[in-house]
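Accompanying notes for the structure given below.
In my numbering, the protein residues as written are 3 to 598.
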């Protein structure tokens, strides 16, 4: 198995023999990608990729020689396939029987920059634990048996050829709150954008890290694995990648699940704005009423508007600390205790500091508080309070405002930025537009920051004219979209705008829930629809509306504006998995993978 391809130096060292020009529709013309399409796929051990990952290594050991890895070569530039090569790394979990006759289900967990290798391994391990005593469990196993599960490291990250950005410019701390609109802080925010653009431009891989290239990489892998159609599950940015693939290769689209959808009908640059809209909607529509509903546990009051007002009036330093530890204020069930703990800690610290207490005294007050009645929320609160105090102490350090470090973006962050700026030209708005928008959003809700003021794509040297497929190109795409009502990174409004322009698509809409990365949902309404789609059965109705899972402490999803057509929540007398505890651990790993 070749490994040198993951190093940038190898990219520049390896040349491909000439194999013809552009993309050509003439059947008699030589295929310019023939050398890549005819290369062998040399499957071997995956141990080198998981040597430091105990959880991944344990799954591989359990599955034995059914787990295989391989590196293939792809053109750095598909418009010049006789130029430099890069390496793409794949992992495949073979179906338990007759693997050579089974199609391959490809996975992308999002990002951009998410690595799908381990994601496919965890996904297969989860579904193969389906409990045959339940309808859901049997369906999970059926899907696990029907496919080989394939994950890959997209170009630029993981075990594929990697990209990063670094330089000597010094990066200083910034104020990310609504209070950070002074000239010096705005300059620092803009410096970050300029340094990102200039240093990423130095990397020779930069012009070739974009969704169009990754879609073509995916088609090359599909071809090498012998599938006539691409079978695919993409989450978050993976939905953007999936629709891009469907627009470029419409005749190669097999069952395609698009889970937690970016708005493909709009510019990628609008996604950063929509992310914050998702944060605000989840905060106002879901979390504030939830916190007020459970005053007996959280002790923050029964008036959602008053809780919001108190948070909006936080001191600047407490507000910054809250944003730093808030994990982007998403509303997946697993992180709700941390969300509430962050808000409670910020409100308590602000109250005590305004009374004139020192940080040491505030910490002592936290330690002496009576415990909350729910142990999970108590544990989260103590953890978030400790982090908040640490951040506040850091701000008090004499060197905090002058502290600096050389600019550096590791591969995941670098690829994220390269894809965003290379996929489409920047919107025709000047810097002042983004500064104004940033502070408009930061003032709209206390859980929002001013990130929009730093826009590297304004200064980006976009060197390739990448053409995004149009919605008209996707008119006949029979994809299945899955979306929750309070998804933060990919808000429902954008998903619905895209869905409305895809007349052949179907959707599973989960009302009253905010999960990002839905599968596996463990309800029949959602998962039977999704699994049957993967097994070749298109939903009978264009839009299936399912009731979401309630948040911790809630017995059910609040009725609110519940659609008349929503399906009742499934009665689940038993887990759909043979080992519920291990299944939950695997689900947690899937959630980690889509947390970008």
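For glycine and all other residues, C-beta sits at the position ideal for the given N, C-alpha and C.
By Cβ distance, which residues of its chain are closer than 7 Å to residue i, with the 5 residues on each side in sequence left out?
i: residue 57; result: 591
i: residue 211; result: 157, 158, 165, 417, 420, 421 and 424
i: residue 104; result: 97, 148, 149 and 150
i: residue 160; result: 91, 117 and 119
i: residue 553; result: 292, 335 and 338
i: residue 581; result: 131
Take residue i and list the residues in its own chain whose beta-carbon comes closer than 8 Å to its own, dropping the five residues that flank it on each side.
i: residue 179; result: 318, 321, 322, 325, 444, 451 and 452
i: residue 404; result: 174
i: residue 299; result: 374, 375, 376, 379 and 555
i: residue 397; result: 319, 322 and 323
i: residue 601; result: Missing from the structure shown is residue 601; the chain here goes from 3 to 598 and no further.
i: residue 39; result: 33, 222, 225 and 226
Expressed to the nearest angstrom, what Euclidean distance is found between the alpha-carbon atoms of residue i and residue j?
i: residue 191; j: residue 201; result: 16 Å
i: residue 245; j: residue 476; result: 7 Å
i: residue 265; j: residue 113; result: 14 Å
i: residue 49; j: residue 533; result: 30 Å
i: residue 253; j: residue 100; result: 26 Å
i: residue 86; j: residue 469; result: 22 Å
i: residue 521; j: residue 236; result: 10 Å
i: residue 546; j: residue 497; result: 14 Å
i: residue 536; j: residue 351; result: 50 Å
i: residue 215; j: residue 589; result: 30 Å
i: residue 454; j: residue 579; result: 43 Å
i: residue 285; j: residue 223; result: 41 Å
i: residue 584; j: residue 62; result: 15 Å
i: residue 287; j: residue 310; result: 12 Å
i: residue 577; j: residue 136; result: 8 Å
i: residue 460; j: residue 471; result: 23 Å
i: residue 255; j: residue 33; result: 21 Å
i: residue 154; j: residue 53; result: 17 Å
i: residue 140; j: residue 479; result: 29 Å
i: residue 172; j: residue 194; result: 9 Å
i: residue 134; j: residue 127; result: 15 Å
i: residue 402; j: residue 494; result: 39 Å
For residue i, which three-state DSSP category applies?
i: residue 513; result: strand
i: residue 92; result: strand
i: residue 211; result: coil
i: residue 158; result: strand
i: residue 244; result: helix
i: residue 580; result: coil
i: residue 230; result: coil
i: residue 1; result: Since the displayed the chain opens at 3 and closes at 598, residue 1 lies outside it and no answer follows.
i: residue 356; result: helix
i: residue 601; result: Nothing about residue 601 can be read from this structure; the chain reaches only from 3 to 598.
i: residue 468; result: coil
i: residue 595; result: helix
i: residue 165; result: coil
i: residue 473; result: coil
i: residue 58; result: helix
i: residue 171; result: strand
i: residue 345; result: helix
In this structure, what does DSSP give as the bridge partners for residue i?
i: residue 188; result: DSSP, once it has assigned bridges, lists no residue as partnering residue 188.
i: residue 235; result: 109 and 259
i: residue 549; result: 513
i: residue 1; result: Shown here, the chain extends from 3 to 598; a query on residue 1 therefore has no answer.
i: residue 252; result: Per DSSP, none; premise fails for residue 252.
i: residue 412; result: Its beta-bridge partners do not exist; DSSP assigns none.
i: residue 484; result: 261 and 510
i: residue 87; result: 77
Tell me which same chain residues have a C-beta within less than 6 Å of the C-beta of residue i, skipping the five on either side of it?
i: residue 408; result: 170
i: residue 234; result: 108, 244 and 258
i: residue 15; result: The predicted position of residue 15 is uncertain, since its pLDDT is 36 and thus under 50; a value taken from the coordinates is nonetheless stated next. No residues qualify anywhere along the chain.
i: residue 440; result: 452, 454 and 455
i: residue 509; result: 483, 501 and 545
i: residue 143; result: 132
i: residue 620; result: Past the edges of the chain, shown from 3 to 598, lies residue 620, and the structure says nothing about it.
CB of residue i to nearest heavy atom of the ligand COA: below 7 Å?
i: residue 520; result: You won't find the ligand COA in this model; it holds no ligand whatsoever.
Would you check if there are 3 or more beta carbon pairs closer than 8 Å linking the stretch 258–277 to the stretch 479–498? yes
Taking 8 Å as the cut-off, does the stretch 353–367 touch the stretch 386–399 (at least 3 CB pairs, one atom from each stretch)? yes
How do the stretch 112–128 and the stretch 74–83 stand: do at least 3 beta-carbon pairs fall below 8 Å, yes or no? no
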